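Q:
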Amino acid sequence: NLILFQAGLLALLAVAENVGEFEKIIQLSQRFPGFIFPCLGVHPIQGTAPEPQRGAVLQDLDAALPLIEKYKDHLVAIGEVGLDFTPRFVSGDADKDSQRQVLIRQAEIAKQLDLPLNVHSRSAGRPTIHLLKEQGVEKALLHAFDGKPSVAMDGVKAGYFFSIPPSIVRSEQKQKLVKQLPLESMCLETDSPALGPEKQVRNEPKNISVCAEYISKIKGVPLETVMEVTTQNALRLFPRLKTLLRA
């Protein structure tokens, strides 16, 4: 934990991808109260080894929803949810529609609980933002957005935030995205253990500083400004953090 505090981290959001991770994330948040905060949700890609990966279907919510209800007072967001239209996971419109139904259901739950959504949108930037707007979602974080900056700007107009991972140092797409996005719409993320500054090297939360430094360079603003603005953005997006953070 000392390394994380030295990296300037006030809080860490632990985000689930499938129901098998829910209890582990809750336990982590209880082990490090006031520092690790849980987000529970069903990711658009399901299946853990040895099962093949596949698109999410409504039945994947059957085991998840009772646990979300059980831990609702501890959550800072519903996630990771979203759409993933990567061709190897989606064989047709029926698969896409199944993912949409799973996202719609979780968007409804987030509204009922007054929680933001933590959103995955790989190869599905435009349809994801369209669906969020259609469903009346007001608070959403689109993480590691891989779409065009012009599509992201539609999300900005809807009031959504975009989090930037350390892989920005090796991603021309992420660099173009940061050039276009207002700093007031950005948050920092690591997405550990994925999306690190070096390909196929395990990413760690301490690499959050890499994102901040690179955004500072691209935007031509002081590093302190990036840290301050993205922190305030995160507190606006995740209001429960304000009350739950250590005094």
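Each residue of the sequence shown is one higher than the one before, counting from 234 in this note's numbering.
C-beta: ideal position from N, C-alpha, C; glycine also.
Predicted, not measured: the structure shown is a model, and the values here were computed from it.
(1) Contact between the segment 381-397 and the segment 354-366 is defined here as three or more beta-carbon pairs at a separation below 8 Å; is this criterion met?
(2) Quick check on DSSP: helix, strand or coil for residue 436?
(3) May I have the straight-line CA-CA distance separating residue 190 from residue 310, to the nearest angstrom?
(4) Please check the pair residue 419 and residue 397, which I expect to be a contact at CB under 8 Å, by giving their CB distance rounded to whole angstroms.
(5) Between the alpha carbons of residue 394 and residue 261, how many angstroms are there, rounded?
(6) Taking the straight line between their C-alpha atoms, what separation do you get for residue 430 and residue 381?
(7) Count the other CB atoms, across all protein chains shown, that sit within 10 Å of the CB of residue 322; report buried if there are 16 or more and exposed otherwise.
(8) Shorter than 7 Å, the distance from the beta carbon of residue 279 to the closest heavy atom of the ligand SAM, or not?
(9) On the CB-based measure, 16 or more other CB atoms within 10 Å of its CB, does residue 463 come out buried or exposed?
(10) Is it buried or exposed, residue 423, if we count other Cβ atoms within 10 angstroms and call 16 or more buried?
(11) Do residue 277 and residue 332 have their C-beta atoms within less than 8 Å of each other?
(12) Anyone know if the C-beta pair for residue 356 and residue 379 falls short of 8 Å?
(13) Of the residues 251, 300 and 475, which one's Cα is nearest the Cα of residue 282?
(14) Who does residue 287 pair with in a DSSP beta bridge?
(15) If you count every other CB in all the chains shown that lies within 10 Å of the CB of residue 400, and 16 or more means buried, which is it?
(16) So what's residue 466 in DSSP terms, helix, strand or just coil?
(17) Identify which residue in 413, 275, 417 and 255 has its Cα closest to the Cα of residue 335.
(18) Since residue 374 and residue 354 are thought to touch, with beta carbons under 8 Å apart, how far apart are those beta carbons, to the nearest angstrom?
(19) Relative to the C-alpha of residue 472, which residue among 346, 403, 292 and 457 is closest?
(20) Would you kindly work out how many angstroms separate the C-alpha atoms of residue 291 and residue 338, rounded to a whole number?
(21) Under the DSSP definition of a beta bridge, which residues are partnered with residue 410?
A: On the basis of the coordinates in this document:
(1) Judged by Cβ distances under 8 Å, the segment 381-397 makes contact with the segment 354-366, as three or more pairs qualify.
(2) Residue state, collapsed to three classes: coil.
(3) Outside the shown range of the chain, which is 234 to 480, sits residue 190, and nothing can be said about it.
(4) Between residue 397 and residue 419 the Cβ distance is about 6 Å, and since that is below 8 Å, they are a contact.
(5) Going by the C-alpha atoms only, they are around 26 Å apart.
(6) Looking at the two C-alpha atoms, the distance is approximately 21 Å.
(7) Burial call: buried.
(8) The ligand SAM is absent from the structure shown, which contains no ligand whatsoever.
(9) So residue 463 counts as buried.
(10) Residue environment: residue 423 is assigned as buried (16 or more neighbouring CB atoms within 10 Å of its CB, all protein chains considered).
(11) A distance below 8 Å separates the beta carbons of residue 277 and residue 332.
(12) The Cβ atoms of residue 356 and residue 379 sit closer than 8 Å to each other.
(13) For residue 282, the closest C-alpha among the options 251, 300 and 475 is that of 251.
(14) Residue pairing by DSSP places residue 287 opposite 279 in a beta bridge.
(15) Label assigned to residue 400: buried.
(16) Correct three-state label for residue 466: helix.
(17) Restricting attention to 413, 275, 417 and 255, the CA atom closest to the CA of residue 335 is found in 275.
(18) The Cβ separation is near 11 Å, so there is no contact.
(19) Looking at the Cα atoms, 346 is the closest of the given residues.
(20) The straight-line gap from Cα to Cα measures roughly 8 Å.
(21) Per DSSP, none; premise fails for residue 410.
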